[in-house]
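2 protein chains.
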Amino acid sequence: MNNIIGYYTTQFGELWEKSLFDLVEEAIFGVLKQTNLENKQIDAVFFGNMLAGVLENNLHSTSKIAEILKINIPIFRAEAACASGGAAFNLAKTYLEANSNKNVLVVGAEKMTDYSPEEAITGLSAAASGEEQEAGLTFPGLYGMIANYYLEKYHYTEKNLSYVSVKNHFHGSLNEKAHFRKKITIKDVLQSPYVAYPLKVLDSSPISDGAAAVILTNNYDMIKKQKHSAIVLASEVITDTISLKERKNLDEILATKMAADVAFKKAKINRRDIGIAEVHDCFSIAEILAMEDLGFWKKGTGGQKIMEESTMFGGGGNLVVNTSGGLKAAGHPVGATGIKQIGEIFLQLTKQAEKRQVKNAKYGLAHNVGGSGGTAVVTILGV
Amino acid sequence: MNNIIGYYTTQFGELWEKSLFDLVEEAIFGVLKQTNLENKQIDAVFFGNMLAGVLENNLHSTSKIAEILKINIPIFRAEAACASGGAAFNLAKTYLEANSNKNVLVVGAEKMTDYSPEEAITGLSAAASGEEQEAGLTFPGLYGMIANYYLEKYHYTEKNLSYVSVKNHFHGSLNEKAHFRKKITIKDVLQSPYVAYPLKVLDSSPISDGAAAVILTNNYDMIKKQKHSAIVLASEVITDTISLKERKNLDEILATKMAADVAFKKAKINRRDIGIAEVHDCFSIAEILAMEDLGFWKKGTGGQKIMEESTMFGGGGNLVVNTSGGLKAAGHPVGATGIKQIGEIFLQLTKQAEKRQVKNAKYGLAHNVGGSGGTAVVTILGV
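The listed protein sequences derive, respectively, from chains A and B.
If you count the first sequence from 1, position 125 lands on 125 in our numbering, and the numbers rise without skipping.
For any residue, its number in our numbering is found by taking its place in the second sequence, counting from 1, and adding 383.
Written out as structure tokens, the structure is:
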């Protein structure tokens, strides 16, 4: 059985005084301290990062992490656009399934705010298809098309979407590590400028810096020694076409649906068992699709469901979503996001979530997406 | 037991009429045809690529491969500079160890010649440390420093190094897929212009385009059905510091040494059992260090040993090295290199190496290096 025994995240935000590897180093030594582990006790490292090559001509980060850790072990970098963190975590889980009595460090990081928004957006568009890039479609554009289709098909308006951001900003206000700590209103969202119709600034996750790390182990003695631990019941990656035009349904992320189906089957639990989830809300529409495609809400009902506010902390529902603030408010340092999502579930299940601690959650789910749905990673934890 | 059941490589060279994904597609469908497998029989894909992000703002290749394969499965990209191919292969092996009855596709590719040498060299320097990059140290510069140190310490001259290139070009002349098919002489090497003293143009591997793919399986029925198969006895990744200044010995690649020691232990064979090897000869000095650090030659004797020509095809030795032509003559499309090395060993062990077929090799070794030794992957195959 693979267990998470520790989690550390740096502040997320505009961290101009810190480099990518400053953040990686802080996250690595942060999680080592939390778990009382020395560098020599780590058997392998998996690193999730998308943009260091494109933005700062920085590759081969595996070797750079060896220099930070000062040990000679296997280190791997995974890149799957915004699902790089989730992919790194999945590979770490597979590594543990193939090797017994090992401690594995998973770290995700991204350094984005040193560059102009145009540079960052161009870098991010590297995750889209060549055809879509040539057509000038950025990610807001792609998700804007999806949002238009969804709103029209199911007769919703931009107001329905805005509830996602209001909820996630409220959660961000409870999370000290979040990029944005400010609560916002429906009116704030609706009055914010358009980025790609019908999506507005306040429907969109920001460009952030940050790093997050977890330690996974299948060493039973190690698990016993630790104060906190959560079991990884499933972690599934599914990849789909990159181009929207190749998809059968524009209002469905097939990779999410398939990954969730396999993950729930492996975890041997039902959707209603999940008490806490972090889903990939890169745009407000993405959280609504995620909730439907993960099987929590019936397709087409998400626009209505989100207005009921049952997934908000304190909203009285059985499933609270994105208590970290989600990508929207906690921020979206791309490679770190998938790890932060899993880390937040770990904090919640082990009762370390402080002001935003949900009650009685025994199972949690993290959902990380790459591109406009080209990759989905679904991870289920339990205590 | 994990087996390789098929290998396909595109032509390596300056392939201006083909895009990165044209090459990936050719390699994928080439190896599927070789093994008589359909796309639906593939359970996971591991992709090795270094530079597509930096050179052509092309990331999230996992999803682009899903579009080529038209199936929804887990697909991962590994990046470890010039060891990206070897790292992808290693992750695939781990995947099989964690999952039974699976067929896994490993593909590596790089598209480099559409860009100016300056752009490609700048991209490649992304694998070096920030400090080294800032000092203007390119890879020829880093390996030049290593070569200087080695030649001086063990009293050799540039002529000793030149035997590596002469051998590998001879091998390339026997490999139809090689970038360079021309035999060269010691004089040719010594008269070629300096790139970074004491390394000259003909001490250096070229910038190439190409893709290579293998299929791995642990499905016993599948292995029985196939005409050719080789067993993966070991595949080990070790990561070391990126900066040369952090290394204890400039004339040793510690990661190679450590990975080889673990690999031989796991494979339960001795150095003298290896009849065929592909080692990472990005520069002539690198092959000499590799032969020493892998444990085939005593440290410091490589400069002499290479002049004996025992590792040349037809040279009468018990170990033939770089029959593909190595990186030097077969070419070095970075992400493809690690896969091509393993594929060449597979061809040799399964008697498919045609004009360059060595006799009686039962075990073979592939050795892939990232950066100036920051990552090493050692893979041992047997039949």
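We put the CB at the ideal spot given by N, CA and C, even for glycine.
Remember, it's a predicted structure, so these values are computed and weren't measured experimentally.
Where the beta strand (DSSP E) containing residue i begins and where it ends
i	result
THR217 (chain A)	210-217
VAL201 (chain A)	VAL201 (chain A) -> no beta strand (DSSP E), and no H or E assigned at all.
TYR363 (chain A)	363-370
THR185 (chain A)	Careful: THR185 (chain A) lies outside any beta strand (DSSP E) and carries neither H nor E.
ASP621 (chain B)	According to the sequence as given, residue 621 (chain B) is Ile; it is not Asp. Taken as a continuous stretch (DSSP letters only), the beta strand (DSSP E) holding ILE621 (chain B) covers 613-622.
Span of the alpha helix (DSSP H), counted from its first residue to its last, around residue i
i	result
ASN385 (chain B)	First-last for ASN385 (chain B): undefined, no H or E at that position.
SER548 (chain B)	541-556
VAL375 (chain A)	Note that residue 375 (chain A) corresponds to Thr in the displayed sequence, not to Val. Looking at the DSSP string, THR375 (chain A) is not in any alpha helix (DSSP H); the run it does join, the beta strand (DSSP E), is 375-382.
ARG126 (chain A)	For the record, residue 126 (chain A) in the displayed sequence is Ala; it is not Arg. No alpha helix (DSSP H) holds ALA126 (chain A); DSSP gives it neither H nor E.
ALA530 (chain B)	522-537
ASP251 (chain A)	First-last for ASP251 (chain A): undefined, no H or E at that position.
LYS608 (chain B)	603-608
Within 7 Å, strictly: CB atoms of residue i and residue j
i	j	result
GLU255 (chain A)	ALA376 (chain A)	Reading the sequence as shown, one finds Ala at residue 255 (chain A) and not Glu. Yes. Within cutoff.
ALA212 (chain A)	GLU236 (chain A)	no
THR241 (chain A)	GLU450 (chain B)	yes
THR418 (chain B)	ILE456 (chain B)	no
ILE722 (chain B)	GLY396 (chain B)	no
LEU294 (chain A)	ILE253 (chain A)	no
LYS570 (chain B)	PHE553 (chain B)	no
ILE590 (chain B)	ALA510 (chain B)	no
TYR7 (chain A)	GLY343 (chain A)	yes
ASN175 (chain A)	GLY325 (chain A)	yes
PHE563 (chain B)	ALA669 (chain B)	no
THR138 (chain A)	SER125 (chain A)	yes
ILE657 (chain B)	MET641 (chain B)	no
PHE666 (chain B)	SER587 (chain B)	yes
GLY754 (chain B)	ALA530 (chain B)	no
SER444 (chain B)	GLY374 (chain A)	no
LEU627 (chain B)	TYR532 (chain B)	no
ASP281 (chain A)	LEU327 (chain A)	yes
ASN751 (chain B)	GLN724 (chain B)	yes
GLY53 (chain A)	GLY555 (chain B)	no
LEU320 (chain A)	PHE313 (chain A)	Correcting the residue identity first, residue 320 (chain A) is Val in this sequence and not Leu. Yes. Within cutoff.
Inter-residue CB distance, residue i and residue j (contact presumed, cutoff 8 Å)
i	j	result
ASN385 (chain B)	LYS476 (chain B)	6 Å
GLU79 (chain A)	ARG460 (chain B)	5 Å
ALA561 (chain B)	GLY714 (chain B)	7 Å
PHE729 (chain B)	VAL597 (chain B)	7 Å
THR392 (chain B)	GLY593 (chain B)	7 Å
LYS542 (chain B)	LEU585 (chain B)	Not really, about 12 Å apart at Cβ, beyond 8 Å.
GLY685 (chain B)	GLU692 (chain B)	With a Cβ gap of about 13 Å, GLY685 (chain B) and GLU692 (chain B) do not count as contacting.
LYS266 (chain A)	LEU233 (chain A)	7 Å
PHE348 (chain A)	ILE276 (chain A)	Here residue 348 (chain A) is Gln; the residue named in the question, Phe, does not match the sequence. The pair is a contact, with the Cβ atoms about 5 Å apart (cut-off 8 Å).
MET112 (chain A)	LEU51 (chain A)	7 Å
LEU398 (chain B)	LEU406 (chain B)	7 Å
GLY683 (chain B)	TYR537 (chain B)	4 Å
HIS228 (chain A)	GLN352 (chain A)	7 Å
Should the region 498-518 of chain B be regarded as contacting the region 46-61 of chain A, the criterion being three or more beta carbon pairs within less than 8 Å?
yes
Could you tell me whether the region 462-469 of chain B touches the region 708-727 of chain B, using the rule of 3 or more Cβ pairs below 8 Å?
yes
If we count Cβ pairs, one from each stretch, closer than 8 Å, do we get three or more for the region 188-200 of chain A versus the region 342-359 of chain A?
Output reads no: the region 342-359 of chain A does not touch the region 188-200 of chain A.
Touch test, the region 102-112 of chain A against the region 542-551 of chain B, Cβ-Cβ under 8 Å, three pairs minimum
no
Any chance you could list the alpha helix (DSSP H) runs of at least 4 consecutive residues sitting entirely within the region 15-54 of chain A, in chain order?
20-35
With contact counted as at least three CB pairs below 8 Å, one residue from each stretch, are the region 87-101 of chain A and the region 213-226 of chain A in contact?
yes
Going along the chain, which unbroken runs of the alpha helix (DSSP H) with 4 or more residues stay wholly within the region 267-350 of chain A?
284-293, 302-305, 326-330, 334-349
List, from N- to C-terminal side, the beta strand (DSSP E) runs of 3 residues or more that fit wholly inside the region 425-503 of chain B.
427-431, 458-461, 486-493
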